[in-house]
Amino acid sequence: MAPDRPTRRQALAAAGTVSVGSMAGCLDSLPFLDNTRVEVEPEEPDDDDPDASPEEFYYILEDNGITVDELYYDTEDDDIILFYESDAEDQQESDEEVWLIYVLFRDGLVDRETDANHLYTEVLGGFDGQVEGWGANSEWAEDHLEGTVTDLTVWNGIVDTMVYPDDESRYDHGNETDSDIVLGEESADGSPTGSTNSTTEETDD
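Residue numbers for the sequence shown follow this note's numbering, so the first one is 71 and each next one is one higher.
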C-alpha cells in the first residue's frame, strides 16, 4: 500500500467535471486515495495494439525524459496519480515540462481511448517557488483532440489547478502570463511553438 502523502498530494475535486475551468484551485480538497490506489510499473506499448494503460503511460513518460518517482492508478475513479522529479531550473522550463506531460497524457492515453478520467500530479524537487502539483481532465484532452478547445484554453485550465508553496499563487513569484511562456506563437499547423505533438508519435514506432 502506498505511504500517506501530504494534503496537496490529493486528487483534484469535481472528478466528474467536463469544464476546463471547473477544476480550478481544488488540489487540496478530495479525500485521500487509499486502498483503491494501485502502484503501477512501466510497460512498453505494443506498436501494433497499444492499450492506453497506466503502465504504458509510465513508459511513455520516461521515454520522453520525465523522471517518474511513483505512479498510481485509482481503480475506483479511474484516475492516474503521478509523482515526478522535475528537472526544471526556472519557471519557463517548469511550464514546458507540465505541457509535455499533458501532451503525453493526451496523445499517449486519451487519443488511444484510455479508461483514465483524470491526471493528478505531484512535482518533486525543482527550484524554490516551483509549482507543487497540477491536474488535467481527459475530457479536456478529448475536446482538444477534436479541435473544440484551443491550446490556450487547455493551458489556462491547467494553470488554474496549480498549487504553489505556502498557498501562494503563480503570480507571487513574478511569473509572466499564464500562456505565453509555454505556448508562444502558434505554428502553421496550429500547434504551439516547441509543441510535443510529434513526441508521442516517436513512441509509436
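All C-beta atoms, glycine included, are put in the ideal place defined by N, C-alpha and C.
Nonlocal neighbours in the same chain, by C-beta distance under 7 Å from residue i, ignoring five residues either side
i, result
"Arg195", "Residue 195 is actually Gly in this sequence, not Arg. Counting only Cβ-Cβ distances below 7 Å, and skipping sequence neighbours, we find Glu155, Ser156."
"Thr145", "Thr106, Val108"
Residue interval of the alpha helix (DSSP H) (run including residue i)
i, result
"Gly227", "221-231"
"Glu209", "208-216"
Contact set for residue i: own chain, Cβ-Cβ below 8 Å, skip 5 residues either direction
i, result
"Arg182", "Pro120, Asp121, Ala122"
"Arg240", "Val201, Val229, Met232, Tyr234, Asp248"
Between the CA atoms of residue j and residue i - distance to the nearest angstrom
i, j, result
"Asp134", "Val168", "For the record, residue 134 in the displayed sequence is Asn; it is not Asp. Rounded to whole angstroms, Asn134 to Val168 spans 13 Å at the Cα level."
"Pro112", "Thr218", "32 Å"
"Glu132", "Val138", "7 Å"
"Leu174", "Leu189", "11 Å"
"Asn105", "Thr191", "19 Å"
"Ser99", "Glu163", "Because Ser99 sits at a pLDDT of 37, beneath the cut-off of 50, its placement in the model cannot be relied upon, and the following sentence gives the value as read from the coordinates. So the alpha carbons of these two residues sit roughly 28 Å apart."
"Arg176", "Asp147", "18 Å"
"Leu179", "Glu216", "15 Å"
"Ile130", "Glu238", "32 Å"
First through last residue of the beta strand (DSSP E) which encompasses residue i
i, result
"Leu194", "188-195"
"Val180", "Per DSSP, Val180 belongs to no beta strand (DSSP E) and is neither H nor E."
"Arg107", "107-109"
Chain-order list of residues whose beta-carbon lies under 6 Å from that of residue i (same chain, five-residue window excluded)
i, result
"Leu141", "Val110, Tyr128, Leu152"
"Ala158", "Ser164, Glu167, Gly196"
Chain D contact for residue i (CB, 8 Å cutoff)
i, result
"Asp198", "You won't find chain D in this structure, because it holds only one protein chain."
Any beta strand (DSSP E) of 3 or more consecutive residues that is wholly inside the stretch 123-162: 137-144, 149-156
Three-pair Cβ contact test at 8 Å for the stretch 200-208 versus the stretch 228-235: yes
Cβ contact (3+ pairs, closer than 8 Å) linking the stretch 174-194 and the stretch 120-139: yes
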